[in-house]
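Visitor:
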C-alpha cells in the first residue's frame, strides 16, 4: 500500500501552502503504483442491468429535500461475447456501451425516513447486437483500435457502414431532464437539467449532432433526433456533449460542426418559449474536438482547444475514430476563443488567442460589473490524457497501467489544472490581425484540483464560490474534491 494512501471516508483539508507538497505526493503515488490498490474491474467490466427498482440500504441520513429522481449515464459494457470472431473488446472507455442509472429518492415527509430505489438500463442494445453479428464496431468511435486481422479490405468496406443509423448509436455522456426547448420531443415545462422530482423527458447527449430521448421510467430509448431536425443548417455530424440550458429562459444552446474543405462551427439556440431555432453565429475555422463550452448572461464563449482534425475531419471515415483523426499536438498552435452575442443577433463580438492547451470540461463563466467575462476550465498541457482512458490502462491489462503511469514525464502531462481566464470587455473587437490573449487570473494544479467538474447549478452563469471535482489518477481510487 502506498505511503500516501488515504482511507475511504476520510476528509482532508488542503490550502495553497500545501500545493507543492501535495503535488510531490501525487508524483510519489504514481511511482509507487497506487492505482494497483483500486479494484477497477468492478466499475468498468461486466456491468449488468437492474431494471428493478431495487431497494437500496441507506446508511446515514438523506435530507427530505433531496427527494426526486437522479439520473446518471456513462460507459457500461467494455466487451461483447460470442461474436462471429470471438470476444470483441472495446478499446477505449469513451466508447463503452451506454448504460443509464436512475436513483429514486423517496421521502415520507420532512421528518420521515428516506428510501432509495435503483434501476438501470443499457442504452445500446442494437449496437451490441450489431457487434455480435458482425464482429466489428461499425460506427465512428472515439478511439477504437482497428483489429489488424481485419486487413485493408475490411477497413475499406467499413467506410460504407459509417452512416447515421440508430442501429449504431451509442449515446451516453450527459443527461438533460425536462428540456423545455425540445417541444418537438416532449411537453416539458421546465428548462432545468439534472435532479428533479418529475421528469417529462430525459435526453442523453454525446459529442455528435444526435441525441437520445428516453422514456423516464423504463429508460428505454424512444427517439434519436438529429440537430438538423431543428434547423436545416445544422447538417454537420459533430456537436457538443454538454449542451447548455439557459437558467433564465430555458433556451437550449449548443454548437454544430460541419466538416469538409471549409469547416464551420454553428452556434445555435432553441427557444423554450417558441421552439424556434436561431443560428447565433457561423464561425469558419479548422475542425476540432470541443466537448463543452461557456455561456454567460449575454454571451456564448467557444474556446477551440488544440485538438484539430487532419484534413478537417474528412479522413474520419477512413480512421473510423476521432483520436486517430487528430493532427499531432502542436505547442505553437494557439487556442482560439470566440465570444458570441446571445440576444441581439450581433454574432461574433470578440476573438482571443491563448497558449496551446487541451480541455474536456468547462466549469462556469460569468460577467462582472464592467462587462469582463471570466471563464473557468480544467485543462491539460496536451492531449496525452486521452490515452489514460484506454481500458488496457484502466484495468492494467498486460501491465499497461504500470507502463503508462510510471513514465514520469508523460504521466505528469495527464495532471489537470483548474484555470480561470479573464476576457476584458475593452478587448471586444473583431477583425484584428494580432489577437489579444485572455488573462489567466487563477491556476490550481492537481491534487488540489481535479476533472469532471460540477458546481451548484443555481450559480450557472454567475460568480460561484465552490466547485466539485474528481481527483483520480494519482491515488488508488477517485476522490471528490471541493475547491473554494
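Residue numbers (this note's numbering): 1197 to 1680.
Beta carbons: idealized from backbone N, C-alpha and C, even for Gly.
Every value quoted in this text rests on a predicted model; they were computed, and no experiment measured them.
Short check: CB of residue 1616 to CB of residue 1637, under 8 angstroms?
Guide: In the chain shown, the residue the question calls residue 1616 occupies position 420. In the chain shown, the residue the question calls residue 1637 occupies position 441. Contact flag set, yes.
Visitor: Measuring CA to CA, which of 1561, 1577 and 1565 is closest to residue 1553?
Guide: Residue numbering aside, residue 1553 sits at position 357 when the chain shown is read from its first letter. Of the candidates 1561, 1577 and 1565, the one whose C-alpha sits nearest the C-alpha of residue 1553 is 1577.
Visitor: So, is residue 1477 buried or exposed, given that buried needs 16 or more other C-beta atoms within 10 angstroms?
Guide: Looking up residue 1477 in the chain shown gives position 281. So residue 1477 counts as buried.
Visitor: Let me know if residue 1458 comes out buried or exposed under the rule of 16 or more other beta-carbons within 10 Å of its beta-carbon.
Guide: Start at 1 with the first residue of the chain shown, and residue 1458 comes out as number 262. Residue 1458 comes out exposed.
Visitor: Restricting to Cα atoms, I'd like to know which of 1646, 1661 and 1662 is closest to residue 1219.
Guide: For the purposes of this step, residue 1219 is taken as residue 23 along the chain shown, with counting starting at 1. Closest option to residue 1219, Cα to Cα, is 1646.
Visitor: Taking only three categories from DSSP, how would you classify residue 1320?
Guide: As a working mapping, residue 1320 is identified with position 124 in the chain shown. Coil at residue 1320, not helix or strand.
Visitor: Just curious, the beta strand (DSSP E) that residue 1589 is in, first and last residue?
Guide: Here residue 1589 refers to the residue found at position 393 of the chain shown. From DSSP, residue 1589 is part of no beta strand (DSSP E) but of the alpha helix (DSSP H) over 1587 to 1590.
Visitor: Where does residue 1340 land, buried or exposed, given buried means 16+ other C-beta within 10 angstroms?
Guide: Reading the chain shown from its first residue, position 144 is the one you call residue 1340. Residue 1340 comes out buried.
Visitor: Return the bridge partner residues of residue 1479 from the DSSP annotation.
Guide: Locating residue 1479 in the chain shown gives position 283, where the first residue counts as 1. Residue 1479 is bridged to 1461.
Visitor: Which one or two residues does DSSP pair with residue 1533 in a beta bridge?
Guide: By one-based count along the chain shown, residue 1533 stands at place 337. 1499 and 1548, per the DSSP bridge assignment.
Visitor: For the candidate residues 1626, 1655 and 1285, whose alpha-carbon lies nearest to that of residue 1542?
Guide: As a working mapping, residue 1542 is identified with position 346 in the chain shown. Checked all of 1626, 1655 and 1285; the closest Cα to residue 1542 is 1626.
Visitor: Would residue 1375 pass as a contact of residue 1441 if the rule is Cβ separation under 8 angstroms?
Guide: Reading the chain shown from its first residue, position 179 is the one you call residue 1375. Reading the chain shown from its first residue, position 245 is the one you call residue 1441. Their beta carbons are under 8 angstroms apart, which means residue 1375 touches residue 1441 by this criterion.
Visitor: Return the CA-CA distance between residue 1582 and residue 1610, expressed in angstroms with no decimal places.
Guide: Sequence index remark: in the chain shown, residue 1582 carries index 386 (1-based). Sequence index remark: in the chain shown, residue 1610 carries index 414 (1-based). Each residue's Cα considered, the two are about 8 angstroms apart.
Visitor: Assign residue 1677 to one of three DSSP states: helix, strand, or coil.
Guide: As a working mapping, residue 1677 is identified with position 481 in the chain shown. The answer is strand: DSSP assigns residue 1677 an E or B state.
Visitor: Just to confirm my understanding: we take residue 1279, look at its own chain, exclude 5 residues before and 5 after, and list those with CB closer than 7 angstroms. What are they?
Guide: Within the chain shown, numbered from 1, the residue matching residue 1279 stands at position 83. Closer than 7 angstroms at the Cβ level, and outside the excluded window around residue 1279, lie 1327, 1328 and 1331.
Visitor: Compare the beta carbon distance of residue 1462 and residue 1449 with 8 angstroms and say whether it is the shorter of the two.
Guide: Here residue 1462 refers to the residue found at position 266 of the chain shown. Here residue 1449 refers to the residue found at position 253 of the chain shown. Cβ atoms of residue 1462 and residue 1449: not closer than 8 angstroms.
Visitor: Go ahead and pull the three-state DSSP assignment for residue 1407.
Guide: Translated into the one-based positions of the chain shown, residue 1407 becomes position 211. Residue state, collapsed to three classes: coil.
Visitor: Rounded to whole angstroms, what is the Cα-Cα separation between residue 1312 and residue 1515?
Guide: Residue mapping note: residue 1312 aligns to position 116 of the chain shown, counting from 1. Residue mapping note: residue 1515 aligns to position 319 of the chain shown, counting from 1. Taking the straight line from one Cα to the other gives about 44 angstroms.
Visitor: Let me confirm a value: residue 1409 is counted as buried when at least 16 other C-beta atoms fall within 10 Å, else exposed. Which label applies?
Guide: As a position in the chain shown, residue 1409 is number 213, starting the count at 1. Classification of residue 1409: buried, given that the 10 Å Cβ count is 16 or more.
Visitor: Quick one: what does DSSP say residue 1358 is sitting in, helix, strand or coil?
Guide: Here residue 1358 is taken as the residue at index 162 of the chain shown, counted from 1. With a pLDDT of only 49 at residue 1358, under the threshold of 50, the placement of this residue in the model should not be trusted; the figure read from the coordinates follows. Correct three-state label for residue 1358: coil.
Visitor: Measure how close the beta-carbons of residue 1681 and residue 1287 come, nearest whole angstrom, since I'm counting them as under 8 angstroms.
Guide: Because the chain is modelled from 1197 through 1680, residue 1681 falls outside the range shown and cannot be assessed.
Visitor: Kindly indicate which residue of 1479, 1460 and 1443 has the alpha-carbon position closest to the one of residue 1468.
Guide: For the purposes of this step, residue 1468 is taken as the residue at position 272 of the chain shown. Minimum Cα distance to residue 1468 is reached at 1443.
Visitor: Rounded to whole angstroms, what is the Cα-Cα separation between residue 1572 and residue 1614?
Guide: Stepping through the chain shown from its first residue, residue 1572 is reached at position 376. Stepping through the chain shown from its first residue, residue 1614 is reached at position 418. Cα to Cα, residue 1572 sits roughly 7 angstroms from residue 1614.
Visitor: Enumerate in chain order the residues of its own chain whose CB-to-CB distance from residue 1354 is below 7 angstroms, with the five nearest sequence positions on each side excluded.
Guide: In the chain shown, residue 1354 corresponds to position 158, counting from 1. Bear in mind that a pLDDT of 45 at residue 1354, under 50, signals an unreliable position, so the number given afterwards is only what the model happens to contain. The answer, listed in chain order, is 1332, 1334 and 1516.
Visitor: With burial defined as no fewer than 16 other Cβ atoms inside 10 Å of the residue's Cβ, what is the status of residue 1565: buried or exposed?
Guide: The residue labelled residue 1565 in the question sits at position 369 within the chain shown. Burial call: exposed.
Visitor: According to the neighbour-count rule (16 or more other Cβ atoms, all chains shown, within 10 Å of its Cβ), is residue 1352 buried or exposed?
Guide: Your numbering for residue 1352 matches position 156 in the chain shown. Its pLDDT being 45, under 50, residue 1352 is placed unreliably in this model, and the value from its coordinates should be taken loosely. Per the 10 Å Cβ criterion, exposed.
Visitor: So, are the CB atoms of residue 1297 and residue 1370 less than 8 angstroms apart?
Guide: Your numbering for residue 1297 matches position 101 in the chain shown. Your numbering for residue 1370 matches position 174 in the chain shown. Contact flag unset, no.
Visitor: What is the rounded straight-line gap between the Cα of residue 1318 and the Cα of residue 1405?
Guide: The sequence position of residue 1318 within the chain shown is 122, counting from 1. The sequence position of residue 1405 within the chain shown is 209, counting from 1. Going from the Cα of residue 1318 to the Cα of residue 1405 covers about 21 angstroms.
Visitor: Answer with buried or exposed for residue 1574, where buried requires no fewer than 16 other C-beta atoms within 10 angstroms of its C-beta.
Guide: Translated into the one-based positions of the chain shown, residue 1574 becomes position 378. Residue 1574 comes out buried.
Visitor: Could you compute how far the alpha carbon of residue 1226 sits from the alpha carbon of residue 1602?
Guide: The residue you call residue 1226 lines up with position 30 of the chain shown. The residue you call residue 1602 lines up with position 406 of the chain shown. Going from the Cα of residue 1226 to the Cα of residue 1602 covers about 6 angstroms.
Visitor: Does the Cβ-Cβ distance between residue 1556 and residue 1633 come in under 8 angstroms?
Guide: If you number the chain shown from 1, residue 1556 lands on position 360. If you number the chain shown from 1, residue 1633 lands on position 437. No, these two residues do not count as a Cβ contact at 8 angstroms.
Visitor: With a threshold of 7 angstroms on Cβ separation, who are the neighbours of residue 1460 within its own chain once the five nearest residues in sequence on each side are excluded?
Guide: Reading the chain shown from its first residue, position 264 is the one you call residue 1460. If we look at residue 1460 and ignore the five residues flanking it on each side, its Cβ neighbours are 1454, 1478, 1479 and 1480.
Visitor: Between which two residues does the alpha helix (DSSP H) holding residue 1617 run?
Guide: The residue given as residue 1617 occupies position 421 in the chain shown. Taken as a continuous stretch (DSSP letters only), residue 1617 belongs to no alpha helix (DSSP H), being part of the beta strand (DSSP E) at 1613 to 1619.
Visitor: If you draw a straight line from the alpha carbon of residue 1527 to that of residue 1418, how long is it in whole angstroms?
Guide: Position 331 of the chain shown, counting from 1, holds the residue named residue 1527. Position 222 of the chain shown, counting from 1, holds the residue named residue 1418. Looking at the two C-alpha atoms, the distance is approximately 44 angstroms.
Visitor: Could you spell out where the beta strand (DSSP E) holding residue 1240 opens and where it closes?
Guide: As a working note, residue 1240 is residue 44 in the chain shown. No beta strand (DSSP E) contains residue 1240, which is instead part of the alpha helix (DSSP H) from 1237 to 1240.
Visitor: Does the separation of the CB atoms of residue 1651 and residue 1662 fall below 8 angstroms?
Guide: Translated into the one-based positions of the chain shown, residue 1651 becomes position 455. Translated into the one-based positions of the chain shown, residue 1662 becomes position 466. Taking 8 angstroms as the Cβ cut-off, residue 1651 and residue 1662 qualify as a contacting pair.
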